[in-house]
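Student:
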Amino acid sequence: TRALSAELAEHGILVNHIVPGAYDTTPAHAQSTQATRTNEQRAAGIPVGRLGYPEELAKTCAFLVSDDAGFITGQTIHVNGGALAY
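So, in structure tokens, the structure goes:
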């Protein structure tokens with residue numbers, strides 16, 4: 133990501149890398165007891181205490197392609213509820 137961003141910056145192209153965490157992508161109508169239990173187990177290891185929502189990841193993507201992110205390049209952005217907090 134960093135090398136590519138340095139190479140393409142002179143052309144006005146910004147390069148970033150989004151690393152998603154665990155997301156709840158099961159449709160509400162399809163939630164079974166087992167799926168709910170599995171999601172709860174997955175969420176237990178995430179500092180914010182829940183799985184992410186696809187919309188949260190989409191908002192991160194939308195921000196990075198917006199003019200508001202015009203000075204951000206060469207970055208790896210973890211969208212994981214703190215699961216990889218250092």
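Taking my numbering, the leading residue of the sequence shown gets 133, the next gets one more, and so forth.
Glycine is no exception: its CB is placed at the ideal position from the N, C-alpha and C atoms.
Since we're looking at a predicted model, the values are computed, not measured.
(1) From the DSSP secondary-structure annotation, give me the bridge partner or partners of N148.
(2) Who are the Cβ neighbours of L216 in its own chain at under 7 angstroms, not counting the five residues just before and after it?
(3) For a cutoff of 8 angstroms on Cβ pairs, would you count R174 as touching chain D?
(4) Within its chain, find whatever has a CB closer than 8 angstroms to the CB of T133; leave out the 5 residues flanking it on each side and keep chain order.
(5) Could you tell me the alpha carbon to alpha carbon distance between A274 and R182, rounded to whole angstroms?
(6) Taking a contact to mean a Cβ-Cβ separation below 8 angstroms, would you say G184 touches G213 in this structure?
(7) Check the C-beta distance from T157 over to A167 and give it rounded, since I have them as a contact under 8 angstroms.
Tutor: Quick answer:
(1) Q207
(2) H210
(3) Among the protein chains of the structure shown there is no chain D, as only one such chain exists.
(4) V147, N148, H149, G206, Q207 and T208
(5) With the chain covering only 133 through 218, there is no way to say anything about residue 274.
(6) yes
(7) Their Cβ separation, rounded to whole angstroms, is 11 angstroms, which puts T157 and A167 out of contact at 8 angstroms.
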